[in-house]
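All letters in the sequence shown, in the order written, are residues 26 to 495 by our numbering.
Taking it in order: structure first as structure tokens, then the write-up.
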Amino acid sequence: MLSFGRKPDANASATLGTATPANAPAPDWANALSTAIREIRCGRSPELSGLPPQAASALAELHQELRARNAAELERTVNASVQNSEAMAAVARATGEVRKMDTHVSGMSTAVEELDFSIHSITKLANTGADSLSACVEQSQTGLEAVRLTRSETEQLGGAFETITGRVTDLEQASRQIAEIVDTIAAIADQTNLLALNATIEAARAGEAGRGFAVVAGEVKALSGQTAKATEDIRQRMDHLQQQVAAITEAVSNSSGSVQEGINAANASENAVNSVTDTMRESARIVSEIAQLITEQSSATTNLSSSVSEIASGATRARERVEHVVEASAGTESTIGQTLAALSERNIDNFVLHCAKSDHLLWKKRLNSMLVGATKLSESELSDHRSCRLGKWYESARSEYGRIPAFQAIEAPHARAHECGKRAARLCAQGDYAGAEAAVEEMEAASEEVIKTLDRLIGELSADTVSKAS
26 MLSFGRKPDA NASATLGTAT PANAPAPDWA NALSTAIREI RCGRSPELSG
76 LPPQAASALA ELHQELRARN AAELERTVNA SVQNSEAMAA VARATGEVRK
126 MDTHVSGMST AVEELDFSIH SITKLANTGA DSLSACVEQS QTGLEAVRLT
176 RSETEQLGGA FETITGRVTD LEQASRQIAE IVDTIAAIAD QTNLLALNAT
226 IEAARAGEAG RGFAVVAGEV KALSGQTAKA TEDIRQRMDH LQQQVAAITE
276 AVSNSSGSVQ EGINAANASE NAVNSVTDTM RESARIVSEI AQLITEQSSA
326 TTNLSSSVSE IASGATRARE RVEHVVEASA GTESTIGQTL AALSERNIDN
376 FVLHCAKSDH LLWKKRLNSM LVGATKLSES ELSDHRSCRL GKWYESARSE
426 YGRIPAFQAI EAPHARAHEC GKRAARLCAQ GDYAGAEAAV EEMEAASEEV
476 IKTLDRLIGE LSADTVSKAS
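Here it is, written out as structure tokens:
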């Protein structure tokens with residue numbers, strides 16, 4: 026094997042042939058050596074027939090070593106691409122879920138904060154309501170005392186009216202008795218007047234002897250007239266008094282009825298106020314208990330709001346970190362792409378088949394990113410199974426490898442993977458995310474089958490290459 030970067034020793038010329046002076050013409054195989062090295066560098070098999078045996082052997086060994094290294098580097102790069110794409114697909118899904126969680130948690134945080142504010146407001150209202158009800162109970166109690174006092178005073182007024190009624194009845198009886206006495210006096214006055222008239226007549230008959238008696242009779246007659254007049258005046262006054270007593274009796278009777286109605290109304294008011302007071306007292310107790318419960322719930326809601334805020338902050342940080350991972354993975358993907366582009370110039374065996382695995386996983390990653398809204402992907406951007414890198418190679422290699430079972434097994438799942446991918450993009454554009462997700466899952470299953478078949482085909486082709494080389 027050739028060693029580079031070291032100064033050749035005195036015997037180094039023996040490896041390539043006889044040593045020649047620096048100004049000596051180049052040997053005949055120098056051009057062949059230069060051409061062989063260029064071919065090796067490009068990954069092609071060099072033409073070694075024009076070289077000395079030792080040089081040809083060293084270059085052949087170098088060529089095989091570089092081919093092995095290139096193949097190993099390609100495999101590592103493709104594996105890294107596959108793993109990165111798998112991780113990116115998972116991260117894309119996770120990004121979507123984290124974004125949803127971030128959105129939901131942010132919404133929940135806002136809702137919980139509003140709930141916390143509302144509960145605090147309700148607590149204040151409940152406490153205010155409890156205080157108001159307690160004040161109303163006190164006022165109702167005061168009103169109840171006032172109603173009871175009114176009832177008591179009304180009952181006393183009723184007793185007073187009963188006393189008045191009794192006194193008026195006595196007055197009415199007395200007035201009737203006085204009227205009877207007046208009637209008696211009037212009768213006596215009439216009788217006296219009649220006697221005086223008779224005495225006057227008799228005095229006139231007696232002449233001079235009855236003159237003194239006539240004077241007395243005249244006085245008696247005058248007194249009788251005065252008595253009759255006074256009696257009539259008394260009778261009129263008694264009639265008026267009896268009318269007033271009757272009116273008073275009627276008024277007292279009516280007032281007694283009103284007083285009784287007032288007593289009944291006061292009793293009803295007392296019962297009603299009692300009922301209202303009891304109801305308000307019970308309501309105040311219930312509202313106080315509710316206020317206490319709401320106060321306790323307010324504390325729990327405050328803790329919940331704080332916890333949800335922390336969760337929301339964590340979800341936001343998780344989203345930012347996941348997006349950072351996506352950015353970092355995108356940079357890794359770019360580096361892998363550059364490495365594959367460099368390896369494509371080295372003429373590595375089965376290069377397209379290795380890259381096809383990476384291509385399919387990249388496609389899976391893009392579709393998963395599309396599902397969560399991280400990227401836009403239209404159906405027209407996705408090629409069919411004949412236009413992609415694997416499809417073009419497949420058509421060109423059909424005549425050479427068409428009889429290999431693994432080669433034949435690629436076409437069906439490959440076509441299915443492309444069809445499902447295009448369908449997923451179409452459904453996603455139509456807003457049918459459930460259908461798009463199902464199509465992506467079908468695409469992933471088909472791609473997995475394609476990759477397994479590619480590994481089998483690579484193994485068969487590599488074994489065939491080794492067999493031919495030996």
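Glycine included, each C-beta is placed from N, C-alpha and C at the ideal position.
(message) Between the segment 144-151 and the segment 313-326, can you find at least three pairs of beta-carbon atoms closer than 8 Å?
(response) Short answer: they touch.
(request) Please list, in chain order, all residues of the same chain as L158 whose beta carbon is under 7 Å from its beta carbon, the five residues on each side excluded. (result) Contacts found: M305, S308, A309, V312.
(message) Mapping the DSSP letters down to three states, classify G168 as helix, strand or coil.
(response) Note: G168 maps to helix in three-state DSSP.
(message) Assuming N393 is part of the alpha helix (DSSP H), what are its boundary residues?
(response) Looking at the DSSP string, the run of the alpha helix (DSSP H) that includes N393 is 376-396.
(request) Measure the Cβ-Cβ separation of D384 and A96 and say whether it is below 8 Å. (result) Annotated as distal: D384 and A96, with beta-carbon spacing of 8 Å or more.
(request) Look up H443 in the DSSP assignment and say whether it is helix, strand or coil. (result) H443 falls in the helix class under three-state DSSP.
(request) For I483, collect the residues of the same chain with a Cβ closer than 6 Å to its Cβ; drop the 5 residues on either side in sequence, then sort them by chain order. (result) If we look at I483 and ignore the five residues flanking it on each side, its Cβ neighbours are N375, L378.
(message) K382 and L486 - do their beta-carbons sit closer together than 8 Å?
(response) No. Outside cutoff.
(request) Taking L387 as the reference, give the member of M468, L329, R423, A459 with the closest Cα. (result) Of all alpha-carbon atoms in M468, L329, R423, A459, the one lying nearest the alpha-carbon of L387 is that of M468.
(request) State the start and end residues of the unbroken alpha helix (DSSP H) segment that holds S421. (result) Here the alpha helix (DSSP H) through S421 covers 414-426.
(message) Can you tell me whether Q261 is helix, strand or coil according to DSSP?
(response) Three-state DSSP puts Q261 in a helix.
(request) Give the DSSP-derived three-state secondary structure of T225 in the structure shown. (result) Reduced to three states, the DSSP call for T225 is helix.
(request) Compare the Cα-Cα distances from A325 to each of E90, E138, H88, R66 and report the closest residue. (result) Closest in alpha carbon position to A325, among E90, E138, H88, R66, is E138.
(request) State the start and end residues of the unbroken alpha helix (DSSP H) segment that holds I20. (result) Residue 20 falls outside the range modelled here, since the chain spans only 26 to 495, and no answer is possible.
(message) Quick check on the DSSP output: the alpha helix (DSSP H) that includes P430 runs from which residue to which?
(response) Residues 430-433.
(message) If you measure between the beta carbons of L396 and A461, is that distance less than 8 Å?
(response) With respect to the 8 Å criterion, L396 and A461 are classified as neighbours on the basis of their beta carbons.
(request) Measure the alpha-carbon distance for T60 versus S405 and round it to whole angstroms. (result) Spanning the two alpha carbons is a distance of roughly 46 Å.
(message) If distances are taken between C-alpha atoms only, which option among E233, T102, T179, R391 comes closest to E286?
(response) Ranking E233, T102, T179, R391 by Cα distance to E286 puts T179 first.
(request) Apply the 10 Å Cβ neighbour rule to K447 and answer buried if 16 or more other Cβ atoms are within range, or exposed otherwise. (result) Buried: at least 16 other Cβ atoms inside 10 Å.
(message) Measuring straight from C-alpha to C-alpha, what distance separates G362 and V103?
(response) Near 10 Å, if we compare the C-alpha coordinates of V103 and G362.
(request) Could you name the residues of the same chain whose beta carbon sits closer than 7 Å to that of V380, not counting the 5 residues immediately before and after it, in chain order? (result) The amino acid occupying residue 380 in the given sequence is Cys; Val does not appear at that position. Around C380: V103, L365, R414.
(request) Please say whether A228 and A221 have beta carbons closer to each other than 8 Å? (result) Going by beta carbons, A221 and A228 fall outside the 8 Å limit.
(message) Please classify R176 as buried or exposed, where buried requires at least 16 neighbouring CB atoms within 10 angstroms.
(response) Its Cβ being crowded by 16 or more others within 10 Å, R176 is buried.
(message) So, for A214: in the same chain, excluding its five sequence neighbours on each side, which residues have a beta-carbon less than 7 Å away from its beta-carbon?
(response) For A214, the CB contacts under 7 Å within the same chain, skipping 5 residues up- and downstream, are S249, T252, A253, T256 in chain order.
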